[in-house]
Amino acid sequence: GRAPVVAPALMRELYAKDKVRPTKGKTLGCLLSSSAEESNYWTVDLDCFTDPRSPELAPLLVAIEYITALEGPFWRKIRGKGLSYSYSMNHFLELGIIRFSLSKATDPVGAFLQAAQIVSCLCMESDDQDEAEDTAGKNVPKEKNPGGEENGDEGGDEDDEDDDDEEDDEDELGLDPSSLEAAQSGVLFQLIEPIDTIPGAMGQAFDNTIVQQPPDQLQWLLKEVQGTTADSVQAAMKSYILPLFDGSKGRMVSLMCPAQKRSKIQAELRKVKPAFNVVHLDVDTFVKTLSPAEGYAGLRALVAEGGKGKTAAKSKAKGGGKASGAERRIDPEDGIAYTFDEISAHYTGTYSKSGIRTYWEAQCSVAKGGKASKVNAEKRVDPEDGVAYTFDELAAFYKGKYKQNVLQAYWDSTCTSVRSRQPRSKAKAKSKAATRT
Numbered sequence: 028g029r030a031p032v033v034a035p036a037l038m039r040e041l042y043a044k045d046k047v048r049p050t051k052g053k054t055l056g057c058l059l060s061s062s063a064e065e066s067n068y069w070t071v072d073l074d075c076f077t078d079p080r081s082p083e084l085a086p087l088l089v090a091i092e093y094i095t096a097l098e099g100p101f102w103r104k105i106r107g108k109g110l111s112y113s114y115s116m117n118h119f120l121e122l123g124i125i126r127f128s129l130s131k132a133t134d135p136v137g138a139f140l141q142a143a144q145i146v147s148c149l150c151m152e153s154d155d156q157d158e159a160e161d162t163a164g165k166n167v168p169k170e171k172n173p174g175g176e177e178n179g180d181e182g183g184d185e186d187d188e189d190d191d192d193e194e195d196d197e198d199e200l201g202l203d204p205s206s207l208e209a210a211q212s213g214v215l216f217q218l219i220e221p222i223d224t225i226p227g228a229m230g231q232a233f234d235n236t237i238v239q240q241p242p243d244q245l246q247w248l249l250k251e252v253q254g255t256t257a258d259s260v261q262a263a264m265k266s267y268i269l270p271l272f273d274g275s276k277g278r279m280v281s282l283m284c285p286a287q288k289r290s291k292i293q294a295e296l297r298k299v300k301p302a303f304n305v306v307h308l309d310v311d312t313f314v315k316t317l318s319p320a321e322g323y324a325g326l327r328a329l330v331a332e333g334g335k336g337k338t339a340a341k342s343k344a345k346g347g348g349k350a351s352g353a354e355r356r357i358d359p360e361d362g363i364a365y366t367f368d369e370i371s372a373h374y375t376g377t378y379s380k381s382g383i384r385t386y387w388e389a390q391c392s393v394a395k396g397g398k399a400s401k402v403n404a405e406k407r408v409d410p411e412d413g414v415a416y417t418f419d420e421l422a423a424f425y426k427g428k429y430k431q432n433v434l435q436a437y438w439d440s441t442c443t444s445v446r447s448r449q450p451r452s453k454a455k456a457k458s459k460a461a462t463r464t
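Numbering-wise (the numbering used here), the sequence shown opens with residue 28 and increments by one.
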């Protein structure tokens, strides 16, 4: 008899068994900082449908094109305002995800929040538009300048320009019919353009076979796109795009930022609701985490545990335990030195064994003394940049510039306690931090 036909594996079938799957309302991921990077890069992923014949596929594609089109909402209010040089949104059937990305962003948190506001307004029902405008005060008519152009005032043109700027800042409520039609045309072109030659059509047919899609997938999808309506597009937007930004479903994030801006980014991430529970890794730590054979599994364990919080684990670890290992390392969570057996015993039940091992090797630094101490946990503000550091961090930064006794005197007499420091100008702190880097 014939040998059974073995279908090619789909990408979504190759995920690791311990793939991180955030629960509803949770956002997990990594923040990688690098001193060699000058810009910010973000990806935000959300699980999505994988059925190539899903009735929501065409409306979702049109919704994505509507939002991301040239001179569309994102183009005007993200790139136009200088928040990010580039952005994208894509639905990957083969991966089963929908992804929002920022590239070369100057203000990634601002860009993300702006995108969230745009999508939220576009998802509003037309019946809610008047109510929303009343709430925002947008339905209050602007009084015309009595000294405008009609009365011969030279300042009339400037007033008109100001009115135009105000209109650009207003959020679009609901979907615009002409923009929706343009989005449909854009999707149709994207579908047809790759097969405008015979080799292109053959390649498309081959790809359909590899990803296990019907032979007439393109013809079906073209018809579906032409039949999309404002209601179906808005429904797809609410179901799959809005959760990317409002966090109503589990999200995975990958963030990269310049090392000198890491503290600022982490502080701004607190503005995002629900919170981004990200594990921070610098480049060296990232390499150490991934270098072992089980490195990727260890990284997944760290990310998965990042959303559970470490309050309970910290209280257990401080309770002590019987040590069977000589080496002590400092847990960065509380600045106290422990043996591996102590950390392993106290974190067991909260984190996996591989996660504890990876955390110990990659993020816990070797303690110089054998005893547990809280000295390492104290942070003081370096007046040079207004940022709080531990003594070890300060010594590492100034290593090679000043002797140890000079650094100790600087720490004791010049650096102020975090609790006792006086408020300072944010602009001044930012300026000094930039000079330092």
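From the three backbone atoms N, C-alpha and C, an ideal C-beta is built for every residue, glycine too. Treat the numbers as computed from the prediction; the structure is a model and nothing was measured.
Proximity to residue 204 [Cα-Cα], best of 255, 122, 236 = 255
inquiry  = Classify residue 427: buried if its beta carbon has 16 or more other beta carbons within 10 angstroms, exposed otherwise.
reply    = exposed
task = Please determine, among 287, 118, 370, 47, the residue with the shortest C-alpha to C-alpha distance to residue 328.
result = 47
ask   = According to the neighbour-count rule (16 or more other Cβ atoms, all chains shown, within 10 Å of its Cβ), is residue 60 buried or exposed?
value = buried
message = Taking DSSP's pairing of strands, which residues face residue 367 in a bridge?
response = Per DSSP, none; premise fails for residue 367.
message = Closest to residue 140 by C-alpha separation, out of 126, 288, 110, 124, would be which residue?
response = 110
key: Neighbourhood of residue 84 by C-beta distance below 6 Å, restricted to the same chain and skipping five residues each side   = none
Limits of the unbroken alpha helix (DSSP H) element including residue 414 = From DSSP, residue 414 is part of no alpha helix (DSSP H) but of the beta strand (DSSP E) over 414-416.
task = Reducing DSSP to helix, strand and coil, say where residue 205 ends up.
result = helix
message = Checking 8 Å against the spacing of the C-beta atoms, do residue 56 and residue 303 come in under that value?
response = yes
query = Should residue 234 be labelled buried (16 or more other beta-carbon atoms within 10 Å of its own) or exposed?
reply = exposed
inquiry  = Between residue 61 and the ligand MN, is there a pair consisting of the residue's CB and a ligand heavy atom that are separated by less than 7 Å?
reply    = Inclusion of the ligand MN in the displayed structure is not the case, the ligand content being empty and no account of it being possible.
ask   = What are the start and end residues of the alpha helix (DSSP H) that includes residue 77?
value = Per DSSP, residue 77 belongs to no alpha helix (DSSP H) and is neither H nor E.
inquiry  = Would residue 356 pass as an interface residue toward chain C - the criterion being a Cβ-Cβ separation below 8 Å?
reply    = Checking the listed chains, one finds no chain C in this structure; it contains a single protein chain.
message = Tell me the rounded alpha-carbon separation between residue 77 and residue 239.
response = 11 Å
task = Could you tell me the distance, in whole angstroms, from the CA atom of residue 311 to the CA atom of residue 432?
result = 28 Å
query = According to the neighbour-count rule (16 or more other Cβ atoms, all chains shown, within 10 Å of its Cβ), is residue 211 buried or exposed?
reply = buried
query = Given that a residue counts as buried once 16 or more other Cβ atoms are within 10 Å of its Cβ, and exposed if not, what is residue 82?
reply = exposed
query = Taking C-alpha atoms, which residue in 387, 382, 40 lies nearest to residue 367?
reply = 387
inquiry  = Less than 8 Å between the beta carbons of residue 131 and residue 113, yes or no?
reply    = yes
request  = Could you check how far apart the C-beta atoms of residue 264 and residue 434 are, in whole angstroms? I think they sit under 8 Å.
outcome  = Actually they do not touch by this definition, with Cβ atoms about 56 Å apart.
task = Could you check if residue 412 is buried or exposed, using at least 16 other CB atoms within 10 Å of its CB as the buried criterion?
result = buried
message = By the DSSP assignment, the alpha helix (DSSP H) with residue 316 in it spans what residues?
response = 310-317
key: Candidates 384, 325, 437: closest to residue 410 by CA position   = 437
ask   = When DSSP labels each residue in this structure, what does residue 391 get in the three-state scheme?
value = coil
task = Answer yes or no: do residue 280 and residue 252 have a C-beta to C-beta separation smaller than 8 Å?
result = no
query = Whole alpha helix (DSSP H) runs in the stretch 272-314 with 4 or more residues, listed along the chain?
reply = 289-296
query = On the three-state DSSP scale, how would you describe residue 422?
reply = helix
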